[in-house]
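Protein chains in written order, with the working numbering: chain A, 1 to 385; chain B, 386 to 770. Remarks on the structure that follows.
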């Protein structure tokens, strides 16, 4: 297997991008990535997008984006695993380079969610749940995560304040990120003073509906050296795992098994343990998700995600910073773009280019991208070589 | 890059499978494939499906199918490129094995199109066209291919009879295929006596709306040898290319550039020319498509697809048999499954297990799977080693 480096990153502003179409957003992210990489060579394109069919009435997206990017004959693939589509796109691009099918592989994540009305967006997102056994009965994602939050509070004593602290921390980080959709500081009162969405979750426990795109360019480490890239950021580990989509079929709804397994697989491939990781970008689609992901990854023991957040462990200046970008909560969550955007943030940090939100001496990062309520998970380990 | 072999194939009956759900169909194809391969080991799953979102209200399909197959923690990815989704799934599974990410990679193609009403099926399929520049104006796929057929008739003198002969040949082949949706012989009068869909195309020029699934299991050639597989069918070449989706943006709507390029790339990778190929399964979504694909692949000169079909070149006992399975026309076209089903047929022929539709001395096959009106194309070269 050939060693793979990330030599370019690019992102659009995340938000309500009314003046830009789906194809505009994807192309903007890709062009910024190519400029950052300093090369125009692309041998293959992989697009991560959850549901351009339901959001935009457009499948066949990879061909369309290749064309609008000015690369119409390039091999192109769209990959989907609900909200983990972006992470899978990077993994697929990794395989392009690792296998030798491509020398330069571009991965783009994109979603344009605001062109449909609110009801339709919720309906489209609900297709990440089991249509026959969950969505049919009327439960949507705030509801599914609310069930997990309630159970977590009951079993471990996780408090409402601890959930709020996740949002407060991530909005603080996001306030330092020019790409963030909601780059403002909030307090715990902002969270509990917002509309109740699904008990115990308030509006400010939930990631927003977002338009946005992100892109990364991969090539071999050898090629990155030839181009004189410094530092060279490599993907040293990737882990993917799936789980039953239905919460009702899981042995324990408080253990995200796909996250646990994907983490173990990625760390094993990289020859590392979680103690070797300097910081992580994780999938905080809801505040409770960040807490459960910390536990599944072994950053803290089960039940300790809330207290650890409260103690400042995961703050920018904590011992294990989580979501320096602001996370899905503040940066926004254009579902197909999220996994790629996480990697853009990790590379920015590893290059030392994160400005006011820079983590000191960051050399090794973990990104964790999750589909639905944990039905799939893709984890990347990135390192400076 | 590691050499890759196909050690298992499986298909459902194609047709209106009212009693089977989307997940049932995918799992049935996969279980038949595992039985054929004689192993239960699966390290990764790739699902080709065009639009389970629009047809079935279900994204996150790869996790769901892994779970229902009894492999819930397995890495799983869905890939999409409209009607070329199945071919891309096999290519992605190929990269899993070639790169070393997986030893055993399962590719499943599936689509369940009959659970929505006719209008909705046409609407879902139209998302393979450009939503803003084609579908918005009301043109759908019969219309797009009718434009190509008219232009082909005008430029090259292709006749109505020649179009009909494609359907007659493929229905003859399909009548010998137990998986086919419409396994009956037809005459040219059947075609021109059927309903006019979009001038010059009749109902019997069009592939049907179909439910169905197909699966293949890939591993290394070395592993296939260890398992004692005989003959060993290898994937020796893969080519993918994209093109502008919009017909109006092409230099020439009579040249399928994506097919031409994908064919050149696949043959180059395999170290072959089109003269080395014994037979092909091609994407006859409409009768005119088979004619144009023959020309794009260089099987005949541009404009000679019609006369060559009339002369019997592409018949089962012709010099270059095309669509021994019956093709999309007679076998059916569950869009995401088609590219995988083509490879199932090619392997069946290369193993000498095709019964009454067996092609004599078939050692090298080409499968050509196409998205939309040629916006993407995936070509595989299979050989007996």
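Glycine included, every Cβ here is placed at the ideal spot set by N, Cα and C. Just so it is clear, the structure is predicted and the values come from calculations on it, not from any experiment.
- Cα-Cα separation, residue 454/B to residue 688/B: Roughly 46 Å between the two C-alpha positions.
- Task: Answer yes or no: does any C-beta atom of chain A fall closer than 9 Å to that of residue 673/B?
- Result: Answer no: the Cβ-Cβ gap between residue 673/B and chain A never drops below 9 Å.
- Message: Please give the ranges of any beta strand (DSSP E) in the segment 551-610 of chain B, keeping only runs that are unbroken, at least 3 residues long and fully inside the region.
- Response: Segments of the beta strand (DSSP E) lying fully in the segment 551-610 of chain B: 581-583 and 596-605.
- Message: Is there a C-beta anywhere in chain B that falls below 9 Å from the one on residue 213/A?
- Response: It does not: the Cβ of residue 213/A has no partner Cβ on chain B nearer than 9 Å.
- Return the chain-ordered list of same chain residues with a C-beta closer than 8 Å to the C-beta of residue 503/B, the five sequence neighbours on each side being excluded. The answer, listed in chain order, is 594.
- Residues within the segment 241-256 of chain A neighbouring chain B, beta-carbon criterion of under 9 Å: From the segment 241-256 of chain A, only 241, 242, 243, 244, 245, 246 and 249 have a Cβ closer than 9 Å to chain B.
- Task: Show which residues of chain B have a CB atom less than 8 Å away from the CB atom of residue 64/A.
- Result: Contact note: residue 64/A reaches chain B through 515, 630 and 760, using a C-beta cutoff of 8 Å and chain order.
- List the DSSP bridge partners of residue 463/B. DSSP output for residue 463/B lists 80/A and 432/B as bridge partner(s).
- Do the CB positions of residue 602/B and residue 481/B come within less than 9 Å of each other? Contact: no.
- Could you give the DSSP three-state label for residue 617/B: helix, strand or coil? Residue 617/B: coil per DSSP, three-state reduction.
- Message: Give me the DSSP bridge partner(s) of residue 237/A.
- Response: Beta-bridge partners assigned by DSSP to residue 237/A: 381/A.
- How about residue 659/B: is its C-beta nearer than 9 Å to some C-beta of chain A? So no, residue 659/B is outside the interface.
- What beta strand (DSSP E) runs, 3 residues minimum, are completely inside the segment 12-75 of chain A? Whole beta strand (DSSP E) segments, 3+ residues: 44-48.
- Message: For residue 369/A, would you say it is in contact with chain B, using Cβ-to-Cβ distances shorter than 9 Å as the test?
- Response: Chain B, which has no Cβ nearer than 9 Å to the Cβ of residue 369/A, makes this no.
- Message: What residue range does the alpha helix (DSSP H) around residue 349/B cover?
- Response: Any question about residue 349/B goes unanswered here, given that chain B covers just 386 to 770.
- Message: Please report the straight-line C-alpha distance between residue 44/A and residue 760/B, rounded to a whole angstrom.
- Response: Straight through space, the alpha carbons of residue 760/B and residue 44/A are spaced by roughly 15 Å.
- Query: Distance, Cα to Cα, residue 674/B vs residue 510/B?
  - Reply: Each residue's Cα considered, the two are about 16 Å apart.
- Query: Where do the N-terminal and C-terminal ends of the beta strand (DSSP E) with residue 153/A fall, by residue?
  - Reply: That residue, residue 153/A, is in no beta strand (DSSP E); its alpha helix (DSSP H) goes 141-156.
- Could you pull the start and end residues of the beta strand (DSSP E) that residue 473/B belongs to? Where residue 473/B is concerned, there is no enclosing beta strand (DSSP E), although the alpha helix (DSSP H) it sits in stretches over 470-484.
- Just mark residue 719/B as buried or exposed, buried being the case when its beta carbon has 16 or more other beta carbons within 10 Å. Residue 719/B comes out buried.
- Message: So, for residue 63/A: in the same chain, excluding its five sequence neighbours on each side, which residues have a beta-carbon less than 7 Å away from its beta-carbon?
- Response: Apart from sequence neighbours up to five positions away, the residues of its chain that approach residue 63/A with a beta-carbon distance below 7 Å are 76, ordered along the chain.
- Report the rounded CA-to-CA distance for residue 452/B versus residue 130/A, giving the unit in angstroms. Approximately 11 Å, taken between the alpha carbons.
- Query: To which residues of the same chain is residue 150/A closer than 7 Å at the C-beta, ignoring the five residues directly before and after it?
  - Reply: These residues qualify, in order along the chain: 200.
- Message: Please state the DSSP three-state secondary structure of residue 354/A.
- Response: Residue state, collapsed to three classes: coil.
- Message: Distance cutoff 9 Å, beta carbons only. Does residue 741/B sit that close to anything in chain A?
- Response: No, residue 741/B does not count as interfacial toward chain A.
- Task: Could you check the C-alpha separation between residue 211/A and residue 242/A for me, to the nearest Å?
- Result: C-alpha separation (whole angstroms): 26 Å.
- Query: Which residue or residues does DSSP assign as beta-bridge partners of residue 364/A?
  - Reply: Checking the DSSP bridge columns, you'll see residue 364/A partnered with 383/A.
- Item | Contacts that residue 58/A makes with chain B (C-beta to C-beta distance below 7 Å) | Contact of residue 58/A with chain B by beta-carbon distance below 7 Å involves 512 and 516.
- First and last residue of the uninterrupted alpha helix (DSSP H) at residue 713/B: Residue 713/B: member of the alpha helix (DSSP H) spanning 712-716, first to last residue.
- Residues within the segment 74-90 of chain A neighbouring chain B, beta-carbon criterion of under 7 Å: Flagged, chain order: 74, 75, 76, 77, 78, 79, 80, 81, 82 and 88.
- Item | Contact under 9 Å by Cβ, residue 36/A with residue 10/A | Yes. Within cutoff.
- Query: Which value, in whole angstroms, describes the spacing of the CA atoms of residue 188/A and residue 464/B?
  - Reply: Distance between residue 188/A and residue 464/B, taken at the CA atoms: about 41 Å.
- Identify the residues that DSSP records as bridge partners of residue 111/A: which are they? Bridge pairing for residue 111/A: 212/A [DSSP].
- Starting from the Cα of residue 487/B, find the closest Cα among 753/B, 706/B, 736/B and 386/B and give me that residue. Closest option to residue 487/B, Cα to Cα, is 386/B.
- Would you mind listing the beta strand (DSSP E) stretches within the segment 658-715 of chain B that are 3+ residues and don't spill past its ends, in chain order? DSSP runs (the beta strand (DSSP E)) wholly in the segment 658-715 of chain B: 664-666.
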